[in-house]
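Asks: Take this structure, written in structure tokens, and hold onto it; I'll ask about it next.
Number of protein chains: 2
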Amino acid sequence: MSSVSRKVTALGAKKRDVIIRAAEQEFEKHGFSGARMQRIADIAGVPKANVHYYFSGKQALYDAVLTKVVDVWNQALSPISPGADPEQVLDQYVRMKVEFTRLYPEATRIFALELLQGGQHLSASIENETRKWTRDRAREIEGWIQQGKILPVDPYHLIFLIWSSTQQFAESETQIKSIYRRKRLSKKDYELLADSLTVMVKRICGLNTER
Amino acid sequence: MSSVSRKVTALGAKKRDVIIRAAEQEFEKHGFSGARMQRIADIAGVPKANVHYYFSGKQALYDAVLTKVVDVWNQALSPISPGADPEQVLDQYVRMKVEFTRLYPEATRIFALELLQGGQHLSASIENETRKWTRDRAREIEGWIQQGKILPVDPYHLIFLIWSSTQQFAESETQIKSIYRRKRLSKKDYELLADSLTVMVKRICGLNTER
DNA sequence: CGATGCGCTGACTATTTGGTCAGCTTTTAT
DNA sequence: ATAAAAGCTGACCAAATAGTCAGCGCATCG
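Structure below.
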């Protein structure tokens, strides 16, 4: 079990949440082996022993963080209704992905960090779910191509391009802030990105709405 | 100085290189604070004290690794000759970026890891060079748009999309191998990706060569 | 009111970690 | 042949680290 067995109380749940949020910041910045339990405690504003009171260890705490991260990733693997219009589907998916990146930058970065470092802490189930989702979407895209609804494109490459481009504002936030000469990326920045990316994806698929 | 001052010898240079390659593997997998000097020594096949003989410390070794990584990044920030044809420029840049990702996956991952974690170990100079390069390219792209050579597009978003999509095979290698059900990504995979991405980028810019 | 369980935490332990050093061997230069 | 420098490394050190524990206070339940 990822944390210590005990009756669920309001205080306990609240404290666990504070610790998990602190852990998110520390794990995203330093990774699993680089993170320090003392720093997590400092960020959470509690003694280190208190962190160990709620979580049986560093791995258990990281598992709790990953559970949240994977939940965000799973929510973004949304189903697409059969027969839906490609333009609407792609527009919706790109916007939804950008919005998730904006709402959950820490989760986006921790997930990316996990993948970058080999994904050894991710469960086989998330790997299987992602593979299945991607295969199903790829088949759907193949269907659109065969029906002449969109231009020929490698479905997997399209999905990978959408993933990488919609997550980059979180993953390379420091670099993008530097290039934009900004202290932070605003909601407007994300909205402009979403607008931009939907147009780009539509052009890739030959769904140019402006010409 | 990043390493110990000493006469450069063939043996010394060779040994430093072996240690740096080992360090690359360890730093990409665990980041700066998560990496262990003993594991670097193990990978390099030398005693830990030998690593310290050649590098004055962990930070010095990481700096040496980053010097290589930044060199790769800088090489990819290639100049584009004035007045060049957009289609040729974009085609060349996308292919060059994919090829760099294939040739230097470790460097790609370490750079991405640095950005993901805030880039605090990167020098201000690389930040400035990247910002300047991006601004210059953005201006060039603006020129193409104004001359009607390409469709209107946010130049920064286009550059970011090219960066993220061309680097993703290295950054999310584990996930992509899982989706493809493969043990490794081949040169062919990279070539197909390059072909795919150049077509996609051209379509974004309205440079469709197949219609 | 007393028993039980939750919550807390400073002090502590065992292990890990980056880094050092003395003494040795090998190589290079004179 | 000799001196100097490079190269090497097992043993060691001090600090850092994850994790534990005993003892306490508070809240809840019967």
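If you read the sequences in order, they're chains D and L.
In this text, residue positions in the first sequence follow the numbering used here: the first is -12, and each later residue adds one.
In this text, residue positions in the second sequence follow the numbering used here: the first is -12, and each later residue adds one.
Heads up, the beta-carbon is just placed ideally off N, CA and C, and yes, glycines get one too.
Only a predicted model underlies this, so the values are computations on that prediction, with no experimental measurement involved.
1. Thinking C-alpha only, which one of Glu114/D, Val38/D, Pro139/D, Thr161/D is nearest Met187/L?
2. How far does the alpha helix (DSSP H) with Asp4/D in it reach, from first residue to last?
3. Assuming Ile166/D and Arg118/L form a contact by the criterion Cβ under 8 angstroms, report the distance between their Cβ atoms to the nearest whole angstrom.
4. Going by alpha carbons, who is nearest to Glu93/L out of Asp141/L, Lys16/L, Ala71/L?
5. Can you find a CB in chain L that lies within less than 8 angstroms of the CB of Asp141/D?
6. Would you call the region 72 to 85 of chain L and the region 176 to 185 of chain L in contact, with 3 or more CB pairs under 8 angstroms?
7. Secondary structure at Leu102/L, three-state DSSP: helix, strand or coil?
8. Name the chain D residues that come within less than 7 angstroms of Leu100/L, Cβ to Cβ?
9. Give a yes or no on contact between the region 90 to 104 of chain D and the region 124 to 143 of chain D, applying the rule of three or more CB pairs nearer than 8 angstroms.
10. Grab me the residues of Ser43/D's own chain with a C-beta within less than 6 angstroms of its C-beta, minus the 5 sequence neighbours each way, in chain order.
11. Under 8 angstroms, CB to CB, which of the residues in the region 124 to 154 of chain D have a partner in chain L?
12. Check whether the Cβ of Leu184/L lies closer than 8 angstroms to any Cβ atom in chain D.
13. Any contact between the region 51 to 59 of chain L and the region 147 to 154 of chain L? By contact I mean 3 or more CB pairs, one from each, below 8 angstroms.
14. Assign Pro142/L to one of three DSSP states: helix, strand, or coil.
15. Would you please verify whether the beta carbon of Met24/D is less than 8 angstroms from any beta carbon of chain L?
16. In angstroms, rounded to a whole number, what distance separates the CA positions of Glu160/D and Leu100/L?
17. Within its chain, find whatever has a CB closer than 7 angstroms to the CB of Phe98/D; leave out the 5 residues flanking it on each side and keep chain order.
18. Exposed or buried, which one is Ala36/D when buried takes at least 16 other CB atoms within 10 Å?
19. Which bits of chain D does Lys170/L rub up against, with CB to CB less than 9 angstroms?
20. Tell me whether Asp72/D sits in a helix, a strand or coil according to DSSP, three-state version.
Replies: Taking the definition as stated:
1. Taking the first residue of the second sequence as 1, we reach residue 187/L at position 200. Minimum Cα distance to Met187/L is reached at Pro139/D.
2. Sequence index remark: in the first sequence, residue 4/D carries index 17 (1-based). Its alpha helix (DSSP H) spans residues -3 to 21.
3. Taking the first sequence and counting its residues from 1, the one referred to as residue 166/D is at position 179. Taking the second sequence and counting its residues from 1, the one referred to as residue 118/L is at position 131. Contact flag correct, Cβ pair sits at about 5 angstroms.
4. Here the question's residue 93/L lines up with position 106 in the second sequence. The shortest Cα separation from Glu93/L among Asp141/L, Lys16/L, Ala71/L belongs to Lys16/L.
5. To locate residue 141/D, count along the first sequence from 1; it is residue 154. Taking a beta-carbon distance threshold of 8 angstroms, Asp141/D counts as an interface residue toward chain L.
6. Verdict: yes, contact present.
7. Taking the first residue of the second sequence as 1, we reach residue 102/L at position 115. Per DSSP, reduced to three states, the secondary structure at Leu102/L is helical.
8. Residue numbering aside, residue 100/L sits at position 113 when the second sequence is read from its first letter. Simply Leu103.
9. By the Cβ criterion, the region 90 to 104 of chain D is not in contact with the region 124 to 143 of chain D, since fewer than three pairs of Cβ atoms, one from each stretch, lie closer than 8 angstroms.
10. Here residue 43/D refers to the residue found at position 56 of the first sequence. Answer for Ser43/D: Val(-9), listed in chain order.
11. When CB distances to chain L are screened at a threshold of 8 angstroms, the residues of the region 124 to 154 of chain D falling below it are Leu138, Val140, Asp141, Tyr143, His144, Leu145, Phe147, Leu148, Trp150, Ser151, Ser152, Gln154, in chain order.
12. Locating residue 184/L in the second sequence gives position 197, where the first residue counts as 1. At a cut-off of 8 angstroms between beta carbons, Leu184/L contacts chain D.
13. With the rule of 3 Cβ pairs closer than 8 angstroms, the region 51 to 59 of chain L does not count as touching the region 147 to 154 of chain L.
14. Indexing the second sequence from 1 puts residue 142/L at position 155. Looking at Pro142/L - three-state DSSP - the assignment turns out to be helix.
15. One-based indexing of the first sequence puts residue 24/D at position 37. Nearest CB-CB separation between Met24/D and chain L: not below the 8 angstroms threshold.
16. For this step, residue 160/D is matched to residue 173 along the first sequence. For this step, residue 100/L is matched to residue 113 along the second sequence. Rounded to the nearest whole angstrom, the CA to CA distance from Glu160/D to Leu100/L is 12 angstroms.
17. For the purposes of this step, residue 98/D is taken as the residue at position 111 of the first sequence. Cβ neighbours of Phe98/D within its own chain (closer than 7 angstroms, five residues either side excluded): Val56, Trp60.
18. Numbered from its first residue, the first sequence carries residue 36/D at position 49. Result: exposed.
19. By one-based count along the second sequence, residue 170/L stands at place 183. Within 9 angstroms Cβ-Cβ: nothing; Lys170/L doesn't reach chain D, min ~14 angstroms.
20. In the first sequence, counting from the first residue as 1, residue 72/D sits at position 85. In the three-state scheme derived from DSSP, where H, G and I count as helix and E and B as strand, Asp72/D is classed as coil.
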